[in-house]
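Student: Please find one structure pasted underneath; my questions will follow.
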Amino acid sequence: MTEPITADLEPVDEFRVRARRWLSDNLTPAPPDQHGETGKSEASWQRAKQLQRLLYDGGFAGICYPKEYGGLGLTPEHQRVFSEESRAYEMPLALNIPTLTICAPTILDMGSEEQKRTHLPAVLRGEELLVQFLSEPRGGSDLAGLTTRAERRGDSWILNGAKIWSSGAYAADYGLCLARTDWTVPKHAGLTMFLVPVHAPGVTVTRITQVDGSREFCQEFFDDVVLPADAVLGEVDGGWETTNRQLFHERTAVGGASPYASGVQTHSGRDVSGLVELARRTGQLDDLRVREDLGEARALNMVHDQLIGHITRGVGAGAFVPAAGSMVRLFSARNAWLQADMAVRIAGAAAVTGADADDAGSGQAGQDYLLRQAWSLAGGSTEMARNIISERVLGMPREAAADRGLPFDQVEHGR
Amino acid sequence: MDFELSADQRLFRSTTREFLARSVPLDVVRGLAASGVGFDRQWWRRGAELGWTAPLVPERLGGGSVSDVPMADLALVAREFGRACAPGPLVTTSAVLTSLVREENRFGDLLAAVRSGETIAAWSHYEPGHGLGTAAVDTVAVPEGTGFRISGVKDRVECGDQAQVLLVSARGPHGPVQVLIAADAPGVTVTPTWTLDLVRRTAKVSFVDVVVGEDAVVQRYPGETTAALEAQIQVAAALTAAESTGAAEYAFELTVRWMFDRYTFGRQLASYQALKHRAAEHKTSLEACRATAWAAANAFQGDPIRTAEAVSVAKSYVGAVVPGLLQDCVQIHGGIGVTWEHDLHLYLRRVTLGRALYGTPEEHRRRLTDLLDRKVA
Chain U
11 MTEPITADLE PVDEFRVRAR RWLSDNLTPA PPDQHGETGK SEASWQRAKQ LQRLLYDGGF
71 AGICYPKEYG GLGLTPEHQR VFSEESRAYE MPLALNIPTL TICAPTILDM GSEEQKRTHL
131 PAVLRGEELL VQFLSEPRGG SDLAGLTTRA ERRGDSWILN GAKIWSSGAY AADYGLCLAR
191 TDWTVPKHAG LTMFLVPVHA PGVTVTRITQ VDGSREFCQE FFDDVVLPAD AVLGEVDGGW
251 ETTNRQLFHE RTAVGGASPY ASGVQTHSGR DVSGLVELAR RTGQLDDLRV REDLGEARAL
311 NMVHDQLIGH ITRGVGAGAF VPAAGSMVRL FSARNAWLQA DMAVRIAGAA AVTGADADDA
371 GSGQAGQDYL LRQAWSLAGG STEMARNIIS ERVLGMPREA AADRGLPFDQ VEHGR
Chain Z
1015 MDFELSADQR LFRSTTREFL ARSVPLDVVR GLAASGVGFD RQWWRRGAEL GWTAPLVPER
1075 LGGGSVSDVP MADLALVARE FGRACAPGPL VTTSAVLTSL VREENRFGDL LAAVRSGETI
1135 AAWSHYEPGH GLGTAAVDTV AVPEGTGFRI SGVKDRVECG DQAQVLLVSA RGPHGPVQVL
1195 IAADAPGVTV TPTWTLDLVR RTAKVSFVDV VVGEDAVVQR YPGETTAALE AQIQVAAALT
1255 AAESTGAAEY AFELTVRWMF DRYTFGRQLA SYQALKHRAA EHKTSLEACR ATAWAAANAF
1315 QGDPIRTAEA VSVAKSYVGA VVPGLLQDCV QIHGGIGVTW EHDLHLYLRR VTLGRALYGT
1375 PEEHRRRLTD LLDRKVA
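From first to last, the protein sequence lines are chains U and Z. With my numbering, the residue at position 361 of the first sequence is 371, and numbering never jumps. With my numbering, the residue at position 338 of the second sequence is 1352, and numbering never jumps.
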């Protein structure tokens, strides 16, 4: 993930000054209200791609990606500084999850030299969007129990099955798709990861409407999709290893700690100015209870950032196992809940009613509340995070599983 | 908290940990509780020799910081105090030292005496019926000669019954002032008060026409007094956050060990998902406490607003989270956890005290919003 720090790297302080100047010369202020999933349009994807290109041309894209793949080859500390400096500006945040922070780092870790040279520069230039094809309609948290299959035919693979919960798949170019390639071995052993062109013949993408009315989630169906041999990412039947890297990057990204992001995601509630504004609009900024709520929301945001630094340094120093990143993931879900709850508390009746039929107004707080659980489900449920923390960080006994060691074709399946 | 410690800091911490383990194991703490003393003065002097009173004091006055970040050194000590549930005037002494070093030219002798552990100085700011606010002071300071005549009542004075000197905030004719008053001066009455913690004790102190001379006035001008008081509050709050974190860490370690050792229905407690998930929540909260307490301690030399913010973030977060964590440690222990003989209540007492003193979570949250307003303004 990180490269050794060498003396010829630009000092962080100089980098900060240079970034600050460049950002103020080239970017526009961040839009006031940023919602991660709602309101994405064709235009917003194009805008995100443009912004990423701007970063690339300005020499600020892919700070922690190696130079040979279009990045800057700098350290997470440079990245942290750039994130800080760029917070006030419009950034291509829509590209972070999953393209920049999950899929591309997985290609960086597990891909062939050719795959890295093909996809990473395209991603960093804002030309290619990637998506994850992991979850399945019947799968839930039992990711490795998937039943999408890929069968070898000559030099090719034939893909059949269905995936779900992939954000923004309709706008993506490639999906990292985990499929079963051997049914006669235990479930983790017979999986292979493929790079699937989203618009290949046989791939159907449909959109799912979420509780707040947004339509970012997608479902995909694969009907005899033909993939070439070099579509395999990692080893044939070694897909679980690739997936583990991917899940590691996902947990880090969802927790807000990825060193590969372009700008800081605000959706999980890192900034309380929206809450302050809500209190002002509803005439409650002087209310003591509201002021305590605002202070708590502010505190949790800062603790979230401090925890990210603490865990990152701890993992770097070997004091924590890498699975400790799940603590950041769990904390980020808690924080997202708290921010959503605070907005509803502060807005009061305004969270659930508007001036007229079309006017959500402060009701955005209510809309966001409907989606409150999204951040404890996306990127693996927090129940899985708690399993990981208790088992891999605290060393507690693993949960019993009825399919452990059993060839997958002998495992019981429900509906 | 400890990933980037220098060799000196590690040594400082391990020396403190070993000394505490040797000199005040929990049975000694229980003994101190029963004796009505709180802490042993001779023991505190030995602690001072180890450097507990040194970080905030400049080297030329016998002090010195092993890391050049005095509050980071002190936070390490406070955390060890939490882990050991140790007695002693660490927090209150540090708050007073913060002020004395600002006026080191005038208070060199007292500084040296507090530094050596010879003299105990207690921070006396809280008043009955008032919270932490810097303006919440009814004690009056009426000018008398070049000094003041002080009247009023203070409470929640930590180590008030062990201290020889009290740093007292009062309302002067032009705004707040701070003066030093000897605990045995005419007009001073010290009454020990009940305190939840068995060894961290408080007292109520009343002042009736206590006359202090110019040489005892630490802060005379309102702006400077407010700034000094703010610094004292921040030091006490940051150390309390670190201490509560240490206490929770130890209690959680005890509980995790228990979860491995204890069997029910033929299985370790640690094998039940319902309990594993709670342990995962607590571990996450604890690491967040470590992160924020350490960030607060290291924020002291920067921009004053950022310092105030980091301290209130840590004190409010740790104060809000840790008592519930301790209660759940009791729950996981079962009936044994609510007995006097089990050690957990010592820690529950300590963190409940830590939540309430030097700013409740609610008080610090309001301070955070005040700071947000200030940034906007």
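From the three backbone atoms N, C-alpha and C, an ideal C-beta is built for every residue, glycine too.
How many angstroms separate the CA atom of residue 307 of chain U from the CA atom of residue 109 of chain U?
Tutor: Within the first sequence, residue 307 of chain U is the residue found at index 297, counting from 1. Within the first sequence, residue 109 of chain U is the residue found at index 99, counting from 1. So the alpha carbons of these two residues sit roughly 29 Å apart.
Student: Pull the bridge partners of residue 1172 of chain Z from the DSSP assignment, please.
Tutor: In the second sequence, residue 1172 of chain Z corresponds to position 158, counting from 1. Paired residues: Z/1216.
Student: To which residues of the same chain is residue 1150 of chain Z closer than 8 Å at the C-beta, ignoring the five residues directly before and after it?
Tutor: Taking the first residue of the second sequence as 1, we reach residue 1150 of chain Z at position 136. Result list for residue 1150 of chain Z: 1141, 1144, in chain order.
Student: Do you know whose CA, among Z/1301, Z/1171, Z/1070, lies nearest residue 320 of chain U's CA?
Tutor: In the first sequence, the residue the question calls residue 320 of chain U occupies position 310. The shortest C-alpha separation from residue 320 of chain U is found at Z/1301.
Student: Taking residue 92 of chain U as the reference, give the member of U/69, U/359, U/346, U/251 with the closest Cα.
Tutor: As a position in the first sequence, residue 92 of chain U is number 82, starting the count at 1. Comparing Cα positions, the closest option is U/69.
Student: I believe residue 247 of chain U touches residue 380 of chain U by the beta-carbon criterion, under 8 Å. Please report the beta-carbon distance rounded to the nearest angstrom.
Tutor: Residue numbering aside, residue 247 of chain U sits at position 237 when the first sequence is read from its first letter. Residue numbering aside, residue 380 of chain U sits at position 370 when the first sequence is read from its first letter. Residue 247 of chain U to residue 380 of chain U, Cβ: 41 Å. No contact.
Student: Which one or two residues does DSSP pair with residue 167 of chain U in a beta bridge?
Tutor: As a first step, residue 167 of chain U is located in the first sequence; it is residue number 157 there, counting from the start. The partner list for residue 167 of chain U (beta bridge, DSSP) reads U/162, U/237.
Student: Could you tell me the alpha carbon to alpha carbon distance between residue 1025 of chain Z and residue 1358 of chain Z, rounded to whole angstroms?
Tutor: Here residue 1025 of chain Z refers to the residue found at position 11 of the second sequence. Here residue 1358 of chain Z refers to the residue found at position 344 of the second sequence. Answer to the nearest angstrom: the Cα atoms are 28 Å apart.
Student: Contact between the stretch 71-80 of chain U and the stretch 236-250 of chain U is defined here as three or more beta-carbon pairs at a separation below 8 Å; is this criterion met?
Tutor: These segments do not touch.
Student: What are the residues that DSSP puts in a beta bridge with residue 173 of chain U?
Tutor: As a working mapping, residue 173 of chain U is identified with position 163 in the first sequence. Paired residues: U/230.
Student: Taking all protein chains shown into account, do 16 or more other C-beta atoms lie within 10 angstroms of the C-beta of residue 420 of chain U, making it buried, or fewer, making it exposed?
Tutor: For this step, residue 420 of chain U is matched to residue 410 along the first sequence. Classification of residue 420 of chain U: exposed, given that the 10 Å Cβ count is below 16.
Student: Could you pull the start and end residues of the alpha helix (DSSP H) that residue 1307 of chain Z belongs to?
Tutor: Residue mapping note: residue 1307 of chain Z aligns to position 293 of the second sequence, counting from 1. Counting along the chain, the alpha helix (DSSP H) containing residue 1307 of chain Z begins and ends at 1287-1311.
Student: Taking 8 Å as the threshold (C-beta atoms), are residue 159 of chain U and residue 190 of chain U in contact?
Tutor: Here the question's residue 190 of chain U lines up with position 180 in the first sequence. Here the question's residue 159 of chain U lines up with position 149 in the first sequence. It is a contact, given that the beta carbons lie within the stated cut-off.
Student: In the structure shown, what three-state DSSP assignment does residue 1069 of chain Z receive?
Tutor: Locating residue 1069 of chain Z in the second sequence gives position 55, where the first residue counts as 1. Residue 1069 of chain Z falls in the coil class under three-state DSSP.
Student: Would you list the one or two residues that DSSP bridges to residue 407 of chain U?
Tutor: For the purposes of this step, residue 407 of chain U is taken as residue 397 along the first sequence, with counting starting at 1. None, per the DSSP bridge assignment.
Student: In or out: residue 1350 of chain Z buried (at least 16 other Cβ within 10 Å) or exposed?
Tutor: Within the second sequence, numbered from 1, the residue matching residue 1350 of chain Z stands at position 336. It is exposed - the Cβ of residue 1350 of chain Z has fewer than 16 other Cβ atoms within 10 Å.
Student: Output, in chain order, the set of chain Z residues within a Cβ distance shorter than 7 Å of residue 431 of chain U.
Tutor: Nothing in the structure corresponds to residue 431 of chain U, since chain U is present only between 11 and 425.
Student: By alpha-carbon positions, which one of U/264, U/129, U/177 ends up nearest to residue 225 of chain U?
Tutor: The count along the first sequence starts at 1 and reaches residue 225 of chain U at position 215. Of U/264, U/129, U/177, the residue nearest in Cα terms is U/177.
Student: In chain order, what residues of the same chain lie with their CB nearer than 6 Å to the CB of residue 1189 of chain Z, ignoring the 5 residues before and after it?
Tutor: Position 175 of the second sequence holds residue 1189 of chain Z. Once the five neighbours on either side are set aside, the close Cβ partners of residue 1189 of chain Z are 1236.
Student: Per DSSP, what kind of secondary structure is residue 218 of chain U in: helix, strand or coil?
Tutor: By one-based count along the first sequence, residue 218 of chain U stands at place 208. Of the three classes helix, strand and coil, the one that applies to residue 218 of chain U here is coil, per DSSP.
Student: Cα separation between residue 359 of chain U and residue 395 of chain U?
Tutor: Taking the first residue of the first sequence as position 1, residue 359 of chain U is located at position 349. Taking the first residue of the first sequence as position 1, residue 395 of chain U is located at position 385. If you take the alpha carbons of residue 359 of chain U and residue 395 of chain U, they lie about 34 Å apart.
Student: Does the beta carbon of residue 205 of chain U sit closer than 8 Å to a beta carbon anywhere in chain Z?
Tutor: Indexing the first sequence from 1 puts residue 205 of chain U at position 195. No, because no Cβ of chain Z sits closer than 8 Å to the Cβ of residue 205 of chain U.
Student: Could you check where the beta strand (DSSP E) with residue 1274 of chain Z kicks off and where it finishes?
Tutor: The count along the second sequence starts at 1 and reaches residue 1274 of chain Z at position 260. Run containing residue 1274 of chain Z: none in the beta strand (DSSP E); it sits in the alpha helix (DSSP H), 1236-1275.
Student: Using a C-beta cutoff of 8 Å, does residue 1379 of chain Z count as contacting chain U?
Tutor: As a first step, residue 1379 of chain Z must be located in the second sequence, where it is residue number 365. Yes, contact with chain U.
Student: Let me know the secondary structure DSSP gives residue 135 of chain U once reduced to three states.
Tutor: The residue you call residue 135 of chain U lines up with position 125 of the first sequence. The answer is coil: DSSP assigns residue 135 of chain U none of H, G, I, E or B.
Student: According to the neighbour-count rule (16 or more other Cβ atoms, all chains shown, within 10 Å of its Cβ), is residue 279 of chain U buried or exposed?
Tutor: As a first step, residue 279 of chain U must be located in the first sequence, where it is residue number 269. Note that residue 279 of chain U scores a pLDDT of 48, beneath 50, so its modelled location is shaky and nothing firm can be said.
Student: So, using beta-carbon positions, are residue 208 of chain U and residue 171 of chain U closer together than 8 Å?
Tutor: Residue mapping note: residue 208 of chain U aligns to position 198 of the first sequence, counting from 1. Residue mapping note: residue 171 of chain U aligns to position 161 of the first sequence, counting from 1. Against a cut-off of 8 Å, the Cβ pair of residue 171 of chain U and residue 208 of chain U comes out as no contact.
Student: Residue 1327 of chain Z versus chain U: which residues are under 7 Å apart at the beta carbon?
Tutor: For this step, residue 1327 of chain Z is matched to residue 313 along the second sequence. Those are 309, 312, 313, listed as they occur along chain U.
Student: Whole-angstrom Cβ separation of residue 1287 of chain Z and residue 409 of chain U, contact assumed at under 8 Å?
Tutor: Taking the first residue of the second sequence as 1, we reach residue 1287 of chain Z at position 273. Taking the first residue of the first sequence as 1, we reach residue 409 of chain U at position 399. Confirmed, about 6 Å.
Student: To which residues of the same chain is residue 1393 of chain Z closer than 8 Å at the C-beta, ignoring the five residues directly before and after it?
Tutor: It is not possible to answer for residue 1393 of chain Z, since the shown part of chain Z is limited to 1015 through 1391.
Student: Is residue 1315 of chain Z close to chain U? Criterion is C-beta to C-beta, closer than 8 Å.
Tutor: Within the second sequence, the letter at position 301 stands for residue 1315 of chain Z. Cβ-Cβ to chain U under 8 Å: no for residue 1315 of chain Z.
Student: Buried or exposed: where does residue 1055 of chain Z fall if 16 or more other Cβ atoms within 10 Å of its Cβ makes it buried?
Tutor: The count along the second sequence starts at 1 and reaches residue 1055 of chain Z at position 41. Answer is exposed; the Cβ neighbour count stays below 16.
Student: Taking residue 1085 of chain Z as part of the alpha helix (DSSP H), name the residues at either end of that continuous run.
Tutor: Taking the second sequence and counting its residues from 1, one reaches residue 1085 of chain Z at position 71. 1084-1098 is the span of the alpha helix (DSSP H), which, as asked, contains residue 1085 of chain Z.
Student: Give me the DSSP bridge partner(s) of residue 1137 of chain Z.
Tutor: Residue mapping note: residue 1137 of chain Z aligns to position 123 of the second sequence, counting from 1. In DSSP, residue 1137 of chain Z forms a bridge with Z/1181.
Student: At the 8 Å Cβ level, is residue 1062 of chain Z part of the contact set with chain U, yes or no?
Tutor: As a first step, residue 1062 of chain Z must be located in the second sequence, where it is residue number 48. Taking Cβ atoms only, chain U never reaches closer than 8 Å to residue 1062 of chain Z, which makes this a no.
Student: Residue 1017 of chain Z touches chain U at which residues, Cβ-Cβ below 7 Å?
Tutor: On the second sequence, position 3 is the one that residue 1017 of chain Z refers to. What residue 1017 of chain Z touches in chain U: 323, 324, 327, 329.
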